[in-house]
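With full-length UniProt numbering, you'll find the sequence shown wraps up at 388, consecutive numbering, no jumps.
Reading through the structure tokens given below for one structure.
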Amino acid sequence: TQVEVAQPRTVSESKPRVTRSADVVDAKEASDVSEVKGTDVTSKVTVEDESKIEAPKGNNVQPHEGQRVVLKYKLKFQDGLKTGDYFDFTLSNNVNTHGVSTIRKVPDIKNGSLVMAKGQVLDNGRIRYTFIDYIKDKVNVTANLEINLFIDPKTVQSNGQQTITSKLNGKETSGTMQITYKDGVKNQYTNVNGSIEMFDKEKNKFTHVAYIKPINGNNSDSVTVTGMLTQGSNENGTQPNVKIYEYVGTENGLPQSVYANTADSTQLKDVTNQMSDKLKVQNNGSYSLNFDKLDKTYVIHYTGDYLNGTSEVNFRTQLTGYPENRYKTYYYNNGYILTWDNGLVLYRNKANGDGKYGPIVDSNNFEFSEDSGNGSISGQYDSKQIIG
């Protein structure tokens, strides 16, 4: 999505884009799996050939546009499933199921409002589904399960092809995608890029990473960088925590994924204290940072809150500056503004299930036929993106 920002007459025009970092899970859907003694039935699961990993918008995935891939499993189970039985599968480390959200979850498998199997995110990319009471006495159980997968910016730091895999009972399902990250907004002097790093809906907190880079060997004078919520601002909130890092890494530059390992002092040098007199923060979540001269690359790490109950969140990074005054001439009519927006989109997963040879339940759309041997458990991804 592209937005235009009104520009002063004294600056060169630049049109930023709204980027959507990985979508955000609604915290209300998070649920824990109760500890029930059961059997690992992974070896009793058959992965059908129709199973696949694909991108809804083709195999060119742009994570900064909120694009993701979907694992589509068609599974068949041996009879005799019992309460507490579970099956596991393992995802490759270049994807995760949460995006920028702090909630680690996958959708439960339901029939109407009744849960048949509860999903759980374990460590090292493992996903587990545990069956509960409603699976008892079902036969010929199948599952059509769809799960959103987000490109991991820590593992996949550069543009290029990635093969994404999921392994279940020894069978690997895979898909190869071209990953393309946004390059932010730039002119001949400076590049500004940014991304939402983390979003915590329960605490109304989020973190943001911004890149401020001089390019083409050009420096700028009298540079001001501001960060603010243009949507979702909490006027009565607390002052954000803003940390400033100078990039001291190799010529390869910062990750294209806009990932910042601020603990790595060989890449990022904390200069917040040295620049404290040039940094101002406000209770409404905004900050302003001044550079007399921008001749180095900086990373700005922001931690702040947003208004509880807001329908949308959009964080704007804006830079104003002037080309370096090399010849001491009057140059202020050459000033420029660069603006980059990062917006958030919330999503909600749904799953529906069914099965046969079980008790007939008249409510909650949980129905079973006693005279048919065919049954199914299905999960589906609700592709509608929901704000709020």
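Heads up, the beta-carbon is just placed ideally off N, CA and C, and yes, glycines get one too.
Predicted model, so just to flag it, every value in this text is computed and none were measured.
- Considering Pro56, what are the terminal residues of the beta strand (DSSP E) in which it resides? From DSSP, Pro56 is part of no beta strand (DSSP E); its letter is neither H nor E.
- Query: In chain order, what residues of the same chain lie with their CB nearer than 7 Å to the CB of Lys269, ignoring the 5 residues before and after it?
  - Reply: Tyr245, Glu246 and Val248
- Task: Express the C-alpha separation of Asn234 and Asn204 in angstroms, rounding to a whole number.
- Result: 10 Å
- Message: Taking 6 Å as the limit between beta carbons, can you name the residues of its chain near Ser222, skipping five residues before and five after?
- Response: Tyr322
- Query: Under a Cβ-count criterion, where at least 16 other Cβ atoms within 10 Å of its own Cβ denotes burial, should Gln274 be classed as buried or exposed?
  - Reply: exposed
- Message: Please state the DSSP three-state secondary structure of Thr163.
- Response: strand
- Around the C-beta of Ala263, are 16 or more other C-beta atoms found within 10 angstroms, so that it is buried, or is it exposed? exposed
- Item | Which of helix, strand or coil DSSP assigns to Tyr302 | Here Tyr302 sits in strand by DSSP.
- Message: Using C-beta distances below 8 Å, list every residue in its chain close to Thr54, excluding the 5 sequence neighbours before and after it, in chain order.
- Response: Contrary to the premise, residue 54 reads as Glu rather than Thr in this sequence. Excluding positions up to five away in sequence, the list reads Val69, Val70, Lys72 and Gly175.
- For Ile103, count neighbouring Cβ atoms within 10 angstroms of its own Cβ and tell me buried if that reaches 16, exposed if not. buried
- Message: Here's a check: name, in chain order, each residue in its chain whose Cβ is nearer than 6 Å to the Cβ of Gly304, leaving out the five neighbours to either side.
- Response: Pro240 and Gly285
- Message: Classify Glu370: buried if its beta carbon has 16 or more other beta carbons within 10 angstroms, exposed otherwise.
- Response: Here the model assigns Glu370 a pLDDT of 25, short of 50, so the residue's position is not dependable, and the following value carries that caveat. Glu370 is exposed by the Cβ-count criterion.
- Message: Taking the alpha-carbon of Gly170 as reference, which of Glu197, Asn140, Tyr302 and Val47 has the nearest alpha-carbon?
- Response: Val47
- Proximity to Asp85 [Cα-Cα], best of Lys52, Lys44, Leu114 and His98: Residue Lys44 is the option with its Cα nearest to Asp85.
- Of all the beta strand (DSSP E) runs that stay within the bounds of the UniProt domain "SDR-like Ig" (63 to 160), which reach a length of 3 or more residues? 69 to 77, 86 to 91, 109 to 111, 114 to 121, 126 to 131 and 142 to 151
- DSSP state of Ser174 mapped onto helix, strand, coil: Looking at Ser174 - three-state DSSP - the assignment turns out to be strand.
- Among Asn59, Lys76 and Pro63, which one has its Cα closest to the Cα of Tyr50? A small fix is needed here, since residue 50 is Glu in this sequence, not Tyr. Among Asn59, Lys76 and Pro63, the Cα nearest to that of Glu50 is on Lys76.
- Kindly indicate which three-state DSSP category Asn284 falls into: helix, strand or coil? coil
- With respect to the beta strand (DSSP E) encompassing Glu197, which residues constitute its N-terminal and C-terminal limits? Per DSSP, Glu197 belongs to the beta strand (DSSP E) from Thr190 to Asp200.
- What are the boundary residues of the beta strand (DSSP E) that includes Met228? Ser220 to Gln231
- Message: For Lys201 and Leu307, I'd like the C-alpha separation in whole angstroms.
- Response: 10 Å
- Query: Taking all protein chains shown into account, do 16 or more other C-beta atoms lie within 10 angstroms of the C-beta of Asp32, making it buried, or fewer, making it exposed?
  - Reply: Note that Asp32 scores a pLDDT of 48, beneath 50, so its modelled location is shaky; the value from the coordinates is reported in the next line. Counting Cβ neighbours within 10 Å, Asp32 comes out exposed, since fewer than 16 surround it.
- With DSSP run on the structure shown, which of helix, strand or coil describes Lys44? In this structure, DSSP gives Lys44 a helical state, which the three-state scheme calls helix.
- Between which two residues does the beta strand (DSSP E) harbouring Pro214 extend? That run of the beta strand (DSSP E) goes Lys205 to Pro214.
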